[in-house]
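Trainee: If you scroll down you'll find the structure; I have some questions about it.
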Amino acid sequence: MNPSYKVNRAPKRSDEPIWWGLFGAGGTWFAMITPITILVLGILVPMGIIDAEAMSYERVSGFATSIIGGLFVIGTLALPMWHAMHRVHHGMHDLKFHTGVAGKVACYAFAGLISALAVIFVFMI
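To convert, take the position in the sequence shown, counting from 1, and add 295; that gives the numbering used here.
Now the structure itself:
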């Protein structure tokens, strides 16, 4: 081992794994779940392939108020927002808009706000 090379035995903690985790979860949700949701709600039901009665208010409300349905609604609203805001934060840096901590806080606070509103929305149904 090169004697001039020193290992930092106390590296600075980073919060990036949290943001990258939310970024990955949001990207995965958006890539895998959102297209199916759009297919079912935006194409198959309006074309009559899926009976519109299956999407009645009572059934959709019942689904959204169940635990699985509530988590689905929260995931659909919150996870892609974390993905998008992480992309905006790093995109600003790539475009030479160095906003520092203020830009980071603004991006992640907005994603947190949308997530909190999604949770409130689900509990108010």
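The C-beta atom is built at its ideal place from N, Cα and C for all residues, glycine as well.
Do you know whose CA, among G365, I328, V335 and P312, lies nearest A349's CA?
Mentor: Checked all of G365, I328, V335 and P312; the closest Cα to A349 is V335.
Trainee: Can you give me the C-alpha to C-alpha distance between H378 and D389, rounded to a whole angstrom?
Mentor: Computed Cα separation, rounded: 16 Å.
Trainee: In chain order, which continuous runs of the alpha helix (DSSP H) of length 4 or greater are located wholly inside the segment 347-377?
Mentor: Here the runs fully enclosed are 352-359.
Trainee: Quick one: any contact between the segment 391-405 and the segment 344-360, if contact means 3 or more CB pairs under 8 Å?
Mentor: No contact exists between the segment 391-405 and the segment 344-360.
Trainee: Taking the alpha-carbon positions, what's the F405 to G337 distance?
Mentor: For F405 and G337, the distance between alpha carbons rounds to 27 Å.
Trainee: So what does DSSP say about L390, is it helix, strand or coil?
Mentor: In the structure shown, L390 sits in coil (DSSP, three-state: anything other than H, G, I, E or B).
Trainee: Give the straight-line distance between the Cα atoms of W314 and R382, rounded to the nearest whole angstrom.
Mentor: W314 and R382: Cα-Cα distance of roughly 10 Å.
Trainee: What first and last residue would you give for the alpha helix (DSSP H) that runs through P306?
Mentor: It is not in any alpha helix (DSSP H) - P306 carries neither H nor E in the DSSP assignment.
Trainee: Between the beta-carbon of G321 and the beta-carbon of P375, is there less than 7 Å?
Mentor: Going by C-beta atoms, G321 is nearer than 7 Å to P375.
Trainee: So, are the CB atoms of K399 and H384 less than 7 Å apart?
Mentor: Yes, they are a contact pair.
Trainee: Specify, as a first and last residue, the run of the alpha helix (DSSP H) that G337 falls within.
Mentor: Per DSSP, G337 belongs to no alpha helix (DSSP H) and is neither H nor E.
Trainee: Would you decide whether M380 is buried or exposed? Buried here means 16 or more other CB atoms lie within 10 Å of its CB.
Mentor: M380 comes out buried.
Trainee: Given a cut-off of 7 Å on the beta-carbon distance, is the pair I369 and A411 in contact?
Mentor: Contact flag unset, no.
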